[in-house]
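For the sequence shown, the positions run 26 to 401 when the numbering used here is used.
This report concerns only the one structure given below.
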Amino acid sequence: MTLAVAEPAPSASPDDLSTTSDTESPDIASTVQSTVETILRRGLVGLEYISLDDPQPGATPKDTILTQGSMKLYHYRAQTDEVYRTPLLVITSLVSKPYILDLTPGQSMMEFLVQAGYDVYMIDWGIPMPEEKSLTLDDYVLNHLPACVERILEDSGESELNMLGYCLGGTLGVLYLATHPDAPVGNMACLTTPVNFKGMGLFTQWTDERYFDVDRIVDSLGNVPGEMLLSAFDMLRPTGRLTSPIQVLDRIRDDKYVQSFMMLDRWASDQIPFAGEAFRQMVKELYWKNAMLEGTFELGGKSVDLSSIKTPMIHAMAEHDHIVPYEAAKPLLEIVQSEDNEAVVLRGGHASLVAGGNAKYRLWPKLDSWLSVRSI
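What follows is the structure, encoded as structure tokens:
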């Protein structure tokens with residue numbers, strides 16, 4: 026296994042930075058008035074991004090080729106004449122909307138991939154309906170994922186595909202590989218994927234078996250509400266809601282920064298429910314028993330043995346990830362038996378790893394260089 030730390034992204038040139046001469050004495054009243062006018066012009070009310078002029082998320086052209094309940098499988102339309110034959114399946118997380126990977130033109134991983142010549146498919150798990158509260162991790166790994174793989178191979182006419190999983194999407198992909206030894210998967214890219222749930226920081230403490238009554242939550246509510254999940258994420262960084270407006274005001278005249286910051290913040294606040302039984306199973310088996318790392322986890326009566334995985338793999342982790350800390354993600358490549366694997370630690374956080382300028386200069390080129398030589 027190799028471990029690489031990426032170089033810092035290119036810094037802004039002097040021409041990109043505004044400077045003020047020591048001899049200048051800015052009019053404070055004019056500066057305040059200008060800042061207020063800028064805020065109003067941007068459509069920032071209460072520092073919520075509501076501009077109607079900017080592209081909406083998820084704008085990269087795609088078609089839905091499979092639907093199962095709330096789940097949809099998308100096929101992104103090629104944007105180059107020459108396309109790699111090997112399809113790339115992107116598996117998104119269960120706890121957030123997938124448009125973090127297709128944020129806006131120019132800041133979209135999906136756009137980058139199709140423009141680089143990849144034949145991209147994505148699983149959007151959707152918003153679980155009340156009648157889907159009984160969905161378990163078994164359903165996602167042993168039913169939905171195999172159905173998507175089969176549909177992609179049918180649609181593409183190929184016999185093998187590559188996978189890319191973000192956060193819990195990577196966890197689902199790893200579970201699929203561990204329970205399907207003959208899976209038609211040539212290579213696997215994981216992005217900040219947890220496997221050691223005892224290393225999940227405050228999440229591990231909050232779900233402590235002595236205090237966290239997961240049965241009462243699921244039995245009472247069915248699906249776990251998005252508002253409850255949002256509160257948990259906010260409590261990981263309790264000062265975040267206070268410091269974010271200050272950061273925006275500090276760079277209010279930087280159009281690209283404000284747009285990127287507010288769109289990432291909007292995505293982070295746009296939480297969706299978690300299927301009740303899958304949540305119960307994750308807490309009891311993964312958080313309480315750490316069964317995935319300990320090798321005692323079972324899905325549909327099948328033992329989940331990560332050491333049985335020999336698929337070539339890359340795992341990109343974020344240096345400042347407060348949601349999936351390094352200790353939660355690090356053991357993955359230490360357990361799998363892939364002879365061809367690579368661990369990469371990149372600057373950034375859980376969301377900025379995959380979206381925005383940080384990802385554009387660091388993660389996306391790294392993924393392209395790794396996948397390109399492993400795609401036909």
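Using N, Cα and C, we set each Cβ at its ideal position, and we do this for glycine too.
Since the model is a prediction, treat every value here as computed from it, not as a measurement.
For residue j and residue i, the rounded distance between their alpha carbons
i           : j           : result
residue 140 : residue 161 : 35 angstroms
residue 147 : residue 213 : 14 angstroms
residue 199 : residue 353 : 14 angstroms
residue 169 : residue 341 : 25 angstroms
residue 307 : residue 175 : 26 angstroms
residue 403 : residue 106 : Here the chain covers residues 26 to 401 and nothing more, so residue 403 does not appear.
residue 294 : residue 348 : 14 angstroms
residue 211 : residue 183 : 12 angstroms
residue 166 : residue 385 : 30 angstroms
residue 87  : residue 99  : 6 angstroms
residue 402 : residue 134 : As displayed, the chain neither begins before 26 nor continues past 401, which places residue 402 out of reach and without an answer.
residue 350 : residue 216 : 12 angstroms
residue 303 : residue 159 : 8 angstroms
residue 97  : residue 173 : 9 angstroms
residue 318 : residue 94  : 30 angstroms
residue 132 : residue 373 : 15 angstroms
residue 219 : residue 103 : 31 angstroms
residue 171 : residue 325 : 14 angstroms
residue 398 : residue 127 : 24 angstroms
residue 251 : residue 360 : 33 angstroms
residue 393 : residue 245 : 45 angstroms
residue 381 : residue 89  : 26 angstroms
residue 151 : residue 323 : 25 angstroms
residue 339 : residue 116 : 15 angstroms
residue 145 : residue 138 : 7 angstroms
residue 221 : residue 83  : 31 angstroms
residue 298 : residue 249 : 5 angstroms
residue 247 : residue 253 : 13 angstroms
residue 388 : residue 164 : 31 angstroms
residue 365 : residue 358 : 10 angstroms
residue 181 : residue 201 : 21 angstroms
residue 177 : residue 149 : 14 angstroms
residue 125 : residue 234 : 32 angstroms
residue 109 : residue 81  : 28 angstroms
residue 142 : residue 243 : 43 angstroms
residue 73  : residue 291 : Unreliable placement is indicated for residue 73, whose pLDDT of 47 sits below 50; the coordinate value is still reported in the next sentence. When rounded, the distance between both Cα atoms is 8 angstroms.
Integer Cβ distance of residue i from residue j, believed to fall under 8 angstroms
i           : j           : result
residue 336 : residue 363 : 6 angstroms
residue 312 : residue 229 : 6 angstroms
residue 203 : residue 91  : Going by Cβ atoms, the distance from residue 203 to residue 91 rounds to 23 angstroms, so no, they are not a contact pair.
residue 343 : residue 378 : 4 angstroms
residue 114 : residue 186 : 5 angstroms
residue 85  : residue 157 : Contact doesn't hold; Cβ gap of about 27 angstroms is too wide.
residue 401 : residue 111 : 5 angstroms
residue 206 : residue 333 : 6 angstroms
Residue i (DSSP reduced to helix, strand or coil)
i           : result
residue 355 : coil
residue 341 : strand
residue 376 : coil
residue 393 : helix
residue 367 : strand
residue 122 : coil
residue 333 : helix
residue 323 : strand
residue 145 : strand
residue 349 : coil
residue 140 : helix
residue 296 : strand
residue 245 : helix
residue 86  : coil
residue 314 : coil
residue 401 : coil
residue 362 : coil
residue 306 : helix
residue 115 : strand
residue 99  : strand
residue 91  : strand
beta-carbon residue i near the ligand ZN non-hydrogen atom, thresh 7 angstroms
i           : result
residue 242 : In terms of ligand content, the structure shown is empty, and the ligand ZN therefore cannot be addressed.
### Message
Three Cβ pairs or more, each shorter than 8 angstroms: is that satisfied between the segment 237-254 and the segment 367-377?
### Response
Segments in contact, no.
### Task
Identify every run of the alpha helix (DSSP H) within the segment 147-232, keeping only runs that are complete inside it and at least 4 residues long; order them along the chain.
Entirely contained in the segment 147-232, the alpha helix (DSSP H) runs reaching 4 residues are, in chain order, 170-181, 193-204 and 227-231.
### Message
With a threshold of 8 angstroms, are at least 3 pairs of Cβ atoms found where one atom belongs to the segment 111-124 and the other to the segment 189-207?
### Response
At 8 angstroms Cβ cutoff, the stretches touch.
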